[in-house]
Every structure is written in structure tokens, then in C-alpha cells.
Amino acid sequence: MIFRKNIGIDLGTDTTQIYLDQIGIVVNEPSIVAFNNLTNRVIAHGNEAKKMLSRTPSHITALRPIMNGVIADFDIAKEMIDRLLKNQRLPWSFMT
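In our numbering, the protein residues as written are 12 to 107.
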């Protein structure tokens, strides 16, 4: 049996919101990612990354993957969405 879930994702320049049908908005966080330049890995996203703006060592960059309403960095934007969804501990998964 296939279960269908409706999801809406609003990738805003300032805020990302994720809406689940019959539940409502489950994510409302800043569209910011903290990236470690030495390991090429995302180390924080959303509110946690926002706290790092202008307070990071030189090897960590806090950046916005969405600029002027356009995805500026697809890979980082995808990683941010993946992490925001995984943090919700949803009972079903559509991320592979």
C-alpha cells in the first residue's frame, strides 16, 4: 500500500518554512547554513547557524544558499532542506 503525504516547502531568502498537510507548518527557520571549509561539510543550519553569523573562525563560513529569491547554491540548499526535515523526526520518510 502506498501512502501519500502532501508537503509544501517555501525557500525564502530569509526564512525556510515546511508545511505538512493536516499538520501545518513544522519548520520555520532562517535560511542559513554554517559550512566548514576545511572538511567541506555543513556543521549547522537554521537558528543554530544564524547564531554563528559574524562569529565564526576563519575556516567556518555562515552563508545563505538562497539569495534574492533564487537558489544560489543548490548543493547547500539541498543539504539544508535534508537537515531541516530530518530534525523533525517524522514517522515517514520521503528522503533517500
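From the three backbone atoms N, C-alpha and C, an ideal C-beta is built for every residue, glycine too.
In three-state DSSP terms, what is residue 49?
If you number the sequence shown from 1, residue 49 lands on position 38. The answer is coil: DSSP assigns residue 49 none of H, G, I, E or B.
Tell me the DSSP secondary structure of residue 23 in three-state form.
Against the sequence shown, residue 23 aligns to sequence position 12. Coil at residue 23, not helix or strand.
Can you tell me whether residue 52 is buried or exposed, with buried defined as 16 or more other CB within 10 angstroms of its CB?
Mapped onto the sequence shown, residue 52 falls at position 41. Burial call: exposed.
Could you name the residues of the same chain whose beta carbon sits closer than 8 Å to that of residue 107, not counting the 5 residues immediately before and after it, in chain order?
Counting from one through the sequence shown, the residue named residue 107 turns up at place 96. With a pLDDT of only 44 at residue 107, under 50, the local geometry of the prediction cannot be trusted, and the value read off the model is given with reservation. Excluding positions up to five away in sequence, the list is empty.
Expressed to the nearest angstrom, what Euclidean distance is found between the alpha-carbon atoms of residue 46 and residue 34?
Start at 1 with the first residue of the sequence shown, and residue 46 comes out as number 35. Start at 1 with the first residue of the sequence shown, and residue 34 comes out as number 23. So the two alpha carbons sit approximately 31 Å from each other.
May I ask you to list the residues that DSSP assigns as paired with residue 91?
Residue 91 sits at position 80 when you count from the first residue of the sequence shown. BP columns for residue 91 are empty, so no partner.
Would you list, in sequence order, the uninterrupted alpha helix (DSSP H) runs of no fewer than 4 residues that lie entirely inside the stretch 54 to 94?
57 to 63
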